[in-house]
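One structure is given here, and the rest of the page talks about it.
Numbering (the working numbering), first residue to last: -15 to 256.
Spelled out as structure tokens, the structure:
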């Protein structure tokens, strides 16, 4: 059984993550299959719109914690081939068809889509605050949601599909049986447009997505290192072992009150 399945409906390609027993967690084999599918879609002269979905009760649960623990490092590890969807070079539109849980890295996959259809029971969570030393500060900003909701998102709270539909993150909210038909219907609408209009508009709309200012990205990089690095693997071990994590917080307790500042980072950059 392939971990990534594809179907072709005329000029529409359906790409489906197919690891339901692990809630489509992003293990190495699944990521490899996704990269191959996205390359096939990118390189085809016939395929113009993709519908991206999952099998089972999850769209994608995000990072494969068991693989991270086995590898001894957090994150997804090295990728053998490029993935044009993940690296932002794919120039064709993608419709997300969210069939269930979209957590952590799975939420980030949804973010990369241009249009989004979700079933009414789908659950979303940006899990960075639970796994790293900085929460997902940029996700609500990129989604252009109000600041309190962006803060809620960054702190790892869960959202229902209905809530995200209300704030404009989801385009269509449907019953499970209508997920793929609605997504393909949207894709077919896009195919009625003049080809240049579809391509140029997709490109233009992506250029208009909000971006975090460089100085705030530098602050975020510093905050990603501000704390006990042992907590990264502890969070993953606790998740895998289904227990409460025993976090250290800071190697030096005084660091709790020594947060990096924009001014200090700017001065350091000038001196380097």
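Heads up, the beta-carbon is just placed ideally off N, CA and C, and yes, glycines get one too.
Values in this document were obtained by computation on a predicted structure and should not be read as measured data.
Check: Which of the three DSSP states, helix, strand or coil, is assigned to residue 84?
Finding: Residue 84: coil per DSSP, three-state reduction.
Note to self: Would you call the segment 142 to 156 in contact with the segment 103 to 115, where contact means no fewer than 3 C-beta pairs closer than 8 Å?
What the structure shows: yes
Check: Whose C-alpha, out of 202, 221, -11, 52, is nearest the C-alpha of residue 247?
Finding: Closest option to residue 247, Cα to Cα, is 202.
Item checked: Segment limits, beta strand (DSSP E) that includes residue 33 -> 33 to 38 is the span of the beta strand (DSSP E), which, as asked, contains residue 33.
Notebook entry, point to check: By the 10 Å Cβ neighbour count, where 16 or more other Cβ atoms means buried, how is residue 176 classified, buried or exposed?
Noted result: exposed
Checklist line | Distance between residue 7 and residue 48 (C-alpha atoms, nearest Å) | finding: About 10 Å.
Notebook entry, point to check: Taking the alpha carbon of residue 27 as the point to measure from, which residue in 43, -3, 122, 41 has its own alpha carbon closest?
Noted result: -3
Checklist line | Cα-Cα separation, residue -6 to residue 31 | finding: In a straight line, the C-alpha of residue -6 is about 7 Å away from that of residue 31.
Notebook entry, point to check: Can you name the start and end residues of the alpha helix (DSSP H) that residue 100 belongs to?
Noted result: That residue, residue 100, is in no alpha helix (DSSP H); its beta strand (DSSP E) goes 99 to 103.
Check: In three-state terms, what does DSSP make of residue 107?
Finding: strand
Next item on the list: Report the residue from 219, 97, 64 whose alpha carbon sits nearest the alpha carbon of residue 78.
Entry: 97
Next item on the list: In the DSSP assignment, find the beta strand (DSSP E) that holds residue 196 and state where it starts and stops.
Entry: Taken as a continuous stretch (DSSP letters only), residue 196 belongs to no beta strand (DSSP E), as it is neither H nor E.
Item checked: DSSP-derived helix/strand/coil call for residue 231 -> Three-state result, residue 231: coil.
Item checked: CB of residue -12 within 8 Å of CB of residue 171, strictly -> no
Check: Could you check where the beta strand (DSSP E) with residue -7 kicks off and where it finishes?
Finding: -12 to -7
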